[in-house]
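In UniProt numbering, the protein residues as written are 1 to 102.
Worksheet: the structure to be examined is printed underneath.
Spelled out as C-alpha cells, the structure:
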C-alpha cells in the first residue's frame, strides 16, 4: 500500500506530467528536491490507487480496491527501473492473483 513517502514510480509520473518523454529514469533518493509541492500533489493523486509492499499488503490492498470499485478487471503496471526487479514484482502479483482466485 502507499505510505507517506513517494513510490519509486513518482519520477516517471512526474516526467509524464511535465510532458517529458524518454526511457524510464533511474530512481532518486529525495524527490522533494526534484518537484514542486503542486507537482507532488498531482503525482500522488495519479498514483492514489497504487499498491506497494509485500504479497500480504498487496493482497489486502487489492481486496479493498476491488470491494470499493466493484471492478471486474485489473491492470498491473510495473514502473521499476531494474528489469529483474520488475519481473520479480510481476511474479509476486501473479502469486497474489492465484491466492485471491484459489
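The beta-carbon is built from N, C-alpha and C at its ideal position, and this holds for glycine as well.
With a cut-off of 8 Å on the beta carbons, I'd call residue 55 and residue 87 a contact; round off their distance for me.
About 15 Å; that fails the 8 Å criterion.
Go ahead and pull the three-state DSSP assignment for residue 67.
The answer is helix: DSSP assigns residue 67 an H, G or I state.
If contact is defined by three or more beta carbon pairs under 8 Å, each pair taking one atom from either stretch, is the region 49 to 65 in contact with the region 18 to 37?
Not touching, per the Cβ criterion.
Are at least three pairs of beta-carbons, each pair with one atom in the region 38 to 46 and one in the region 9 to 21, less than 8 Å apart?
Contact between the region 38 to 46 and the region 9 to 21 is present, because at least three Cβ pairs lie under 8 Å.
If residue 27 and residue 90 are in contact, beta carbons under 8 Å, what's the gap, nearest whole angstrom?
Going by Cβ atoms, the distance from residue 27 to residue 90 rounds to 18 Å, so no, they are not a contact pair.
Report the CB separation of residue 10 from residue 31 in whole angstroms; it is logged as a contact under 8 Å.
Correct: roughly 5 Å between the Cβ atoms.
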